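Step one of this worksheet: look at the structure below.
Residue numbers (the numbering used here): 6 to 218.
Right, here's the structure in full:
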C-alpha cells in the first residue's frame, strides 16, 4: 500500500471526514488507482467486512478494485446461505488503508460509532474466468454484476453482487452467496451472530467501544 489513490476516487470520502477528529485513515498511503497488482499477499486483491455500529448496526462489505475499496453497507450482514439475498447499499469508495481500521469514530463525525474488522482476506475475480466476462472487477461493477471467490476466515467461496436498483435507487445492490461447497443452508444465515468478533483483535464491538470511551 505504498502508492497514493487518485484524488478524485476518494473525493467524497475525504469531504465527509474531519481527520483532525476521526482516527480513520486519510488515504495518503493508499494504493494507486489502476494498479495491476492487488494489496494482498502475492499481489492478490483484498476484501474486508467491517462491523459498524453507527445509527444502526450494519456490515460494510468492501472489495479492492481500481486502487480503492469499493464499498456497500449491508444492514443484515453477509450470509453463507444461497437463499438469502442481502440488501447492499453502495457508499463512497474508501482507501485501501481502511481495510485495517478498527476503532471508534467520534460523536458528531460521519458514521460515528465503533468499528471492528469482522472478516478479511483475498479474493479471485470469477468474471475474468468467463469467456466473454469483463477483465476487471471495476468493469464488472460498472456493468452491474460481479462474481468473486472470497478467501476469508468467515466468508469463503463464491459470492455475487447484483445491481438491482430496488426501490428506484441506483445505490441498491444484492449480496448473494452462490451455490458451492462452502454454502450452508442450515446455519449460513446466522454467521454474523454466530461469529461476532474481530478477526484482527478478537474483540467484540462493545469492547472496542468501551476501550475508546
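C-beta: ideal position from N, C-alpha, C; glycine also. Keep in mind it's a predicted model, so treat the numbers as computed, not measured.
Mind checking residue i: buried by the 16 CB within 10 Å criterion, or exposed?
i	result
residue 47	exposed
residue 69	buried
residue 136	exposed
residue 85	buried
residue 162	buried
residue 211	exposed
residue 199	exposed
residue 35	Annotation note: pLDDT 48 at residue 35 (below 50); position unreliable, coordinate value reported separately. With 16 or more other Cβ atoms within 10 Å, it is buried.
residue 29	buried
residue 190	exposed
Check whether the Cβ atoms of residue i and residue j sit closer than 9 Å, and answer yes or no.
i	j	result
residue 205	residue 77	no
residue 164	residue 156	no
residue 141	residue 71	yes
residue 105	residue 79	no
residue 108	residue 217	yes
residue 75	residue 102	no
residue 214	residue 82	no
residue 42	residue 55	no
residue 111	residue 192	no
residue 51	residue 44	yes
Which residues bound the beta strand (DSSP E) around residue i?
i	result
residue 98	90-99
residue 69	62-70
residue 223	Only positions 6 to 218 of the chain appear in this structure, which leaves residue 223 out of reach.
In the DSSP assignment, what are the bridge partners of residue i?
i	result
residue 128	155
residue 178	93, 168
residue 160	Per DSSP, none; premise fails for residue 160.
residue 119	109
residue 76	67, 96
For residue i, collect the residues of the same chain with a Cβ closer than 7 Å to its Cβ; drop the 5 residues on either side in sequence, then sort them by chain order.
i	result
residue 158	124, 126, 204
residue 178	77, 93, 95, 166, 167, 168, 169
residue 63	57, 78, 79, 80
residue 201	209
residue 176	94, 95
residue 23	114
residue 154	128, 129, 131, 162, 163
Just reading off the alpha helix (DSSP H) that residue i is part of, what are its end residues?
i	result
residue 213	210-216
residue 185	Per DSSP, residue 185 belongs to no alpha helix (DSSP H) and is neither H nor E.
residue 144	142-148
residue 103	First-last for residue 103: undefined, no H or E at that position.
residue 13	Looking at the DSSP string, residue 13 is not in any alpha helix (DSSP H), and its letter there is neither H nor E.
residue 198	196-199
In its own chain, which residues sit with a C-beta less than 6 Å from the C-beta of residue i, not counting the 5 before and 5 after it?
i	result
residue 90	179, 181
residue 87	182, 184, 188
residue 21	115
residue 194	84, 86, 89
residue 145	132, 139, 151
residue 197	82
Between which residues of its own chain and residue i is the CB-CB distance below 8 Å, once the five residues before and five after are set aside?
i	result
residue 18	32, 97, 98, 99, 100
residue 186	162
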